[in-house]
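**Q**
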Amino acid sequence: MNTAIKYIGSVAALILLTSPAGAAEFRQVQPSESAVTFGFTQMGVPLEGKFNQFSAQIYFDPAKLAKAQARIDINVSSIDTGSAEGNEEVVGKKWFNAKDYPTASFVSTDLKALGGNRYQATGKLSIKGRTLDVTTPVTFQANGTHGSFDGAFTIKRLDYMIGEGEWTDVSSVANEIQIKFHVVVNAAPSHK
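What follows is the structure in structure tokens.
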């Protein structure tokens, strides 16, 4: 539910934070090696899920941090809550309304270096027709011609109208959703 939003924000933040290693341009996302997951509490029980399909456009050059850009689009129908019944419920109108809002998106607006391999990514997270600012810490680990971004942040699902009607009762499904992301990005070939 709010997981999609968190996923998008996390993935986008990771992409934006891709800056520490040499003067390489990191912009080739490897979706098969990347993951966007979410955690939430239902009836007091902690649960986890993931999104199976997303696309990302990233530009990151550590020498040009001010030009870093990231956009992540998540297919909300690809949600996996751990049960077929749950998956069917959350793509419906009261939750993600995947028919009218098939994509959740994160678009970066700022990336700040915090020292070492740590960054802070800020951007716009759009879910179910609502767009809000999000900020997430991100770490980047470079390994030769590829790197990985990891981060996590929390959103409130009701801010995005995820869970309408009887689902606004946060004693059933908690309002806070934690989104975690692991994004693998390859460096673009050098054109010298």
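Read in order, the letters of the sequence shown correspond to residues -23 to -1, 1 to 169 in mature numbering (1 follows the signal peptide of the UniProt record, and there is no 0).
From the three backbone atoms N, C-alpha and C, an ideal C-beta is built for every residue, glycine too.
So, using beta-carbon positions, are Asn52 and Phe31 closer together than 8 Å?
**A** Yes.
**Q** Which whole-angstrom value describes the C-beta separation of Tyr10 and Tyr36, a residue pair presumed to lie in contact below a C-beta threshold of 8 Å?
**A** Reading the sequence as shown, one finds Glu at residue 10 and not Tyr. About 19 Å separates the two Cβ atoms, so there is no contact after all.
**Q** Hey, Asn163 and Gln34: beta-carbon distance below 8 Å or not?
**A** Going by C-beta atoms, Asn163 is not nearer than 8 Å to Gln34.
**Q** Could you tell me whether the segment 97 to 112 touches the segment 125 to 137, using the rule of 3 or more Cβ pairs below 8 Å?
**A** The segment 97 to 112 is in contact with the segment 125 to 137.
**Q** Among Thr14, Thr18 and Gln5, which one has its Cα closest to the Cα of Ser148?
**A** The residue with the shortest Cα to Cα distance from Ser148 is Thr18.
**Q** May I ask which residues mark the beginning and end of the alpha helix (DSSP H) holding Ala61?
**A** Taken as a continuous stretch (DSSP letters only), the alpha helix (DSSP H) holding Ala61 covers Ala61 to Val67.
**Q** Is it buried or exposed, Val22, if we count other Cβ atoms within 10 angstroms and call 16 or more buried?
**A** Classification of Val22: exposed, given that the 10 Å Cβ count is below 16.
**Q** Counting beta carbon pairs with one atom in the segment 112 to 122 and one in the segment 90 to 101, are three or more of them shorter than 8 Å?
**A** The segment 90 to 101 is in contact with the segment 112 to 122.
**Q** Quickly, what does DSSP pair Tyr96 with across the bridge? List them, please.
**A** Answer is Ala90 and Val115, bridged to Tyr96.
**Q** Based on DSSP bridge pairs, tell me the residues matched to Phe73.
**A** Answer is none; Phe73 lacks a bridge partner.
**Q** How would you write the range of the beta strand (DSSP E) that Thr131 sits in, first residue to last?
**A** His123 to Lys133 is the extent of the beta strand (DSSP E) around Thr131.
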